[in-house]
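Asker: Encoded as structure tokens, here's the structure I'll be asking about.
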Amino acid sequence: RPILWILHLSYAWIPFGFLLLAASLTGWIAMSAGIHALAIGATGGLIIGMVTRTARGHTGRPLTSSPLEVAAYSLVMLAAVLRVVVPLLAPQLLVASVVAAALAWSLAFVFYLGRYTPWLLQPRADGKDG
87 RPILWILHLS YAWIPFGFLL LAASLTGWIA MSAGIHALAI GATGGLIIGM
137 VTRTARGHTG RPLTSSPLEV AAYSLVMLAA VLRVVVPLLA PQLLVASVVA
187 AALAWSLAFV FYLGRYTPWL LQPRADGKDG
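For the sequence shown, the residue numbers in my numbering are 87 to 216.
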């Protein structure tokens, strides 16, 4: 169930981010790798996972993921990989990977806004109050 795996995958970025921060103390890698693992992979993934889950629940919709949500989740994880992993493996691609990560991140949240804005501005789908 994607609505759950996004949360687990996002949590996995937390120890990875701390590992990268520890490695940055040795000078092997830039500190930004760990910071972005925590910010994009962990925090960004948890945000998109929770806002879709809570919005579905609060608008009276089932706690499932459509292909659009799966795309949004995948784009946030792709953004994390592009911003964190690609520069570590291919530093010459830093600028391109940052731009690609920004586009993936932005598109993920455009998908969210496109799907959920109408739902959040109308009555619940199940007819209940709230």
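Using N, Cα and C, we set each Cβ at its ideal position, and we do this for glycine too.
Since the structure is predicted, the reported quantities are computational estimates derived from the model, not experimental observations.
On the CB-based measure, 16 or more other CB atoms within 10 Å of its CB, does His122 come out buried or exposed?
Answerer: That one is buried.
Asker: Could you compute how far the alpha carbon of Leu207 sits from the alpha carbon of Met136?
Answerer: Answer to the nearest angstrom: the Cα atoms are 18 Å apart.
Asker: In chain order, what residues of the same chain have a beta carbon less than 6 Å from the beta carbon of Gly127, not counting five sequence neighbours either side?
Answerer: Excluding sequence neighbours, Gly127 sits near Trp99, Ala166.
Asker: Less than 7 Å between C-beta atoms, sequence neighbours within five positions excluded: which residues of the same chain meet that for Phe197?
Answerer: So the qualifying residues of the chain are Leu154, Ala157, Ala158.
Asker: Look up Pro153 in the DSSP assignment and say whether it is helix, strand or coil.
Answerer: Helix.
Asker: Let me confirm a value: Ser192 is counted as buried when at least 16 other C-beta atoms fall within 10 Å, else exposed. Which label applies?
Answerer: Its Cβ having fewer than 16 others within 10 Å, Ser192 is exposed.
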